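Its first residue numbered 65, the sequence shown is counted upward by one per residue in my numbering.
Worksheet: the structure to be examined is printed underneath.
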Amino acid sequence: MGKGYTKEESGGIMKIKHQMTIFAILVSLGLLFLSGLTYRLLEELKSAHIQTIPYGVEAPESGPDRKGEAIPDMEEMKARISGVEETLFPVIFGILCLNGCLMFVLSRKVSDSLGRLSDLTGYIASGDFVSQADPVETRDEFGGLYENLLRIKTGLGRILQDVAALGTQVAGSAEELHVTSEQIAAGMKDQNRKEDFIATAIEEMNKTIQNVAHNASESFHAAEKMVEMAEQGNRKTGETIQSMDQVSKILHEVGDMGGSLSRRTQEIGKITKVIHDIVAETRILAFNAAIEAAHAGEQGRGFAVVADEVRKLSERTSKATQEIDRMIQEIQDETGDTVAAMCEGIEDVEQGTLKARESGDALQKIVESVTQVKDMIMQIARSTEEESQTSDEIARNAQDISQVSRETMKGSEMSLNACGELSALASELLHRLSVFQVKK
């Protein structure tokens, strides 16, 4: 058969042979029982026939009307029964021999068929789907069973070959899926860490935005105060400009008065100069009068006294005019200094007025700029408040995303475990399939 029997297979075949032998013996015993039963029936028939013939009755004679009929007597009946018995035993013996030969041939045929079936089932049981089994030799039930088992072996071989190929593909795919799942799990962990960092950053940004909103509100109030202070400064600057205009006007008037005073002192100086000239001439006249009085002698004594008094008066007048000249000079000097100081003061006041006007313009621009800054701060405060609300929504969404990512990470870990189990199952499947020989 191309394959040695195992101990279990040999035991199974011998068991079937013993069963077939026992079946043949039972059939032979059955035939013997039937033969004995037939012999017993014949004996009973013979006894019954003897009893049916009356004792002392003679056999009828043969005549012309009894032609062709024969009434057997007891000896003829016995002879016939003995002939049947002699014929029955060889027939029974022949039947037994034929039954034995038939059972031997049948047992041999069944044994061969069972051997082929055992070889085929042995191939299947051992997982050998590569070795070729013997072709079908008979068209009986054993042949049909053998052909069906052969088809089963071929189909199972193809199925196991396909399953092995699929198992290899599944193992490769499971390994790739396991690697991919590990990468996905690592990516999800990294993404979860980044999302936690983003959520923390968003919370910090939200706090910063809230602080900015608070600071913007405080800046808005400070800007309002700055606008008020700038407006007050602008008003004070306007008042200062008005005051400096008045001071400039007063200084101009004082300057004009100083100029008038200087002109008057100059006129007084001219008058004192005339007086000084008159005093000088008076001195000359007094000196001449004293000379004439000296020439006149006693008669000119009174005239000399008058001349002396005139001289004294001229001296006093000269001193007075000198004092007046000194005072006028001092007044002129002081008036000049005052006028010069006033001119400088007027220039300073004009420059101060110009600076004040420039300061007023600058304060007005500052007021306008601070007003714009206040409006911008108001817009920033509103935008910051909206950003705060948006950041709150973003923070909530980030928390939701982080929660979803955690759940996804758990799912990826479960998928990773499932991939590991699938890879282990695929490896176990390939290990189990390795016992089957499906390729030459």
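The beta carbon of each residue, even a glycine, is placed where N, CA and C say it ideally should be.
Computed from a predicted model, the values in this text were never measured in an experiment.
Self-check item: Nonlocal neighbours in the same chain, by C-beta distance under 7 Å from Ala384, ignoring five residues either side
Solution: The count along the sequence shown starts at 1 and reaches residue 384 at position 320. Nothing listed; no residue qualifies.
Exercise. On a CA-only basis, which of Ser447, Met406 and Glu471 is nearest Met321? Give me that one, please.
Key: For the purposes of this step, residue 321 is identified with residue 257 of the sequence shown, where counting begins at 1. Of the listed residues, the one whose Cα sits closest to Met321 is Met406.
Quiz item: Excluding the five sequence neighbours on either side, which residues of its own chain have a C-beta within less than 8 Å of the C-beta of Ser491, listed in chain order?
Solution: Taking the sequence shown and counting its residues from 1, the one referred to as residue 491 is at position 427. Counting only Cβ-Cβ distances below 8 Å, and skipping sequence neighbours, we find Ala235.
Exercise. Report the rounded CA-to-CA distance for Lys253 versus Ala488, giving the unit in angstroms.
Key: What you label residue 253 is simply residue 189 of the sequence shown in a count that begins at 1. What you label residue 488 is simply residue 424 of the sequence shown in a count that begins at 1. Approximately 25 Å between the Cα atoms of the pair.
Quiz item: Given that a residue counts as buried once 16 or more other Cβ atoms are within 10 Å of its Cβ, and exposed if not, what is Asp183?
Solution: Residue numbering aside, residue 183 sits at position 119 when the sequence shown is read from its first letter. The residue is buried, with at least 16 neighbouring Cβ atoms inside 10 Å.
Exercise. Enumerate in chain order the residues of its own chain whose CB-to-CB distance from Gly493 is below 7 Å, with the five nearest sequence positions on each side excluded.
Key: Counting from 1 along the sequence shown, the entry for residue 493 is found at position 429. Gly is not the amino acid found at residue 493; the sequence shown has Leu there. Excluding residues within five positions, the ones whose Cβ falls inside 7 Å are Gly231.
Quiz item: Are the beta-carbon atoms of Ser452 and Asn256 separated by less than 9 Å?
Solution: Position 388 of the sequence shown, counting from 1, holds the residue named residue 452. Position 192 of the sequence shown, counting from 1, holds the residue named residue 256. Against a cut-off of 9 Å, the Cβ pair of Asn256 and Ser452 comes out as no contact.
Quiz item: Would the beta-carbon of Ser476 fall within 9 Å of that of Ile266?
Solution: Here residue 476 is taken as the residue at index 412 of the sequence shown, counted from 1. Here residue 266 is taken as the residue at index 202 of the sequence shown, counted from 1. Not closer than 9 Å, so no.
Exercise. Determine the burial state of Arg390: buried for a count of at least 16 other Cβ atoms within 10 Å of its Cβ, exposed for fewer.
Key: Residue mapping note: residue 390 aligns to position 326 of the sequence shown, counting from 1. So Arg390 counts as exposed.
Practice problem: Express the C-alpha separation of Ala286 and Lys419 in angstroms, rounding to a whole number. | Solution: Position 355 of the sequence shown, counted from the first residue, corresponds to residue 419. Position 222 of the sequence shown, counted from the first residue, corresponds to residue 286. The alpha-carbon atoms of Lys419 and Ala286 are separated by roughly 27 Å.
Quiz item: In three-state DSSP terms, what is Ser479?
Solution: To locate residue 479, count along the sequence shown from 1; it is residue 415. Residue state, collapsed to three classes: helix.
Exercise. Report yes if the C-beta distance between Ser433 and Thr301 is below 9 Å; otherwise report no.
Key: Counted from its first residue, the sequence shown places residue 433 at position 369. Counted from its first residue, the sequence shown places residue 301 at position 237. For Ser433 and Thr301, no; Cβs fall outside 9 Å.
Quiz item: Do you know offhand how far Leu213's Cα is from Arg222's?
Solution: On the sequence shown, residue 213 is found 149 positions in, with the first residue counted as 1. On the sequence shown, residue 222 is found 158 positions in, with the first residue counted as 1. Computed Cα separation, rounded: 14 Å.
Practice problem: Tell me whether Ser498 sits in a helix, a strand or coil according to DSSP, three-state version. | Solution: Here the question's residue 498 lines up with position 434 in the sequence shown. Residue state, collapsed to three classes: coil.
Quiz item: Does the segment 272-285 come close enough to the segment 439-451 that 3 or more CB-CB pairs lie under 8 Å?
Solution: yes
Self-check item: Short Cβ contact (9 Å threshold) for Ala353 with Val370
Solution: Within the sequence shown, the letter at position 289 stands for residue 353. Within the sequence shown, the letter at position 306 stands for residue 370. Contact: yes.
Quiz prompt | Nearest neighbour of His316, chosen from Ser245, Arg180 and Asp412 [CA to CA] | solution = Here residue 316 refers to the residue found at position 252 when the sequence shown is read from its first residue. Ranking Ser245, Arg180 and Asp412 by Cα distance to His316 puts Asp412 first.
Exercise. Kindly list the residues whose CB is nearer than 7 Å to the CB of Lys438, restricted to its own chain and excluding five residues on each side of it in sequence; keep chain order.
Key: For the purposes of this step, residue 438 is taken as the residue at position 374 of the sequence shown. Cβ neighbours of Lys438 beyond the five flanking positions: Phe284, Ala287, Glu288 and Val291.
Quiz item: In angstroms, rounded to a whole number, what distance separates the CA positions of Ala229 and Asn481?
Solution: The residue given as residue 229 occupies position 165 in the sequence shown. The residue given as residue 481 occupies position 417 in the sequence shown. Answer to the nearest angstrom: the Cα atoms are 24 Å apart.
Self-check item: Buried versus exposed, by CB contacts within 10 Å (16 or more), Val468
Solution: The residue given as residue 468 occupies position 404 in the sequence shown. Classification of Val468: exposed, given that the 10 Å Cβ count is below 16.
Quiz item: When you compare each of Leu220, Arg328 and Met293 to Gln396 by their alpha carbons, which one comes out closest?
Solution: By one-based count along the sequence shown, residue 396 stands at place 332. Nearest option by C-alpha distance: Arg328.
Exercise. Measure the beta-carbon distance from Ser466 to Ala263 and round it to whole angstroms, keeping in mind my assumption that it falls under 8 Å.
Key: Here residue 466 is taken as the residue at index 402 of the sequence shown, counted from 1. Here residue 263 is taken as the residue at index 199 of the sequence shown, counted from 1. Right, the Cβ-Cβ distance comes to about 6 Å (below 8 Å), so this counts as a contact.
Quiz item: Hey, out of Gly366, Glu449 and Gln330, whose CA is closest to Thr399's CA?
Solution: What you label residue 399 is simply residue 335 of the sequence shown in a count that begins at 1. When only C-alpha atoms are compared, the closest one is Gln330.
Quiz item: Leaving out the 5 sequence neighbours to the left and right, which residues in its chain are closer than 8 Å to Gln415 when beta-carbon positions are compared?
Solution: Within the sequence shown, the letter at position 351 stands for residue 415. Result list for Gln415: empty, nothing under 8 Å.
Quiz item: Among Asp401, Gly251, Ser237 and Gly186, which has the Cα closest to the Cα of Lys474?
Solution: As a working note, residue 474 is residue 410 in the sequence shown. Considering only alpha carbons, the answer is Gly251.
Practice problem: Out of Ser237, Val431, Thr346 and Leu220, state which residue places its alpha-carbon closest to the alpha-carbon of Arg375. | Solution: The count along the sequence shown starts at 1 and reaches residue 375 at position 311. Selected option, being the one with the closest Cα: Thr346.
Quiz item: Within 10 angstroms of its Cβ, does Val298 collect 16 or more other Cβ (buried), or is it exposed?
Solution: By one-based count along the sequence shown, residue 298 stands at place 234. Looking at the sequence shown, residue 298 is not Val but Asn. Answer is buried; the Cβ neighbour count reaches 16.
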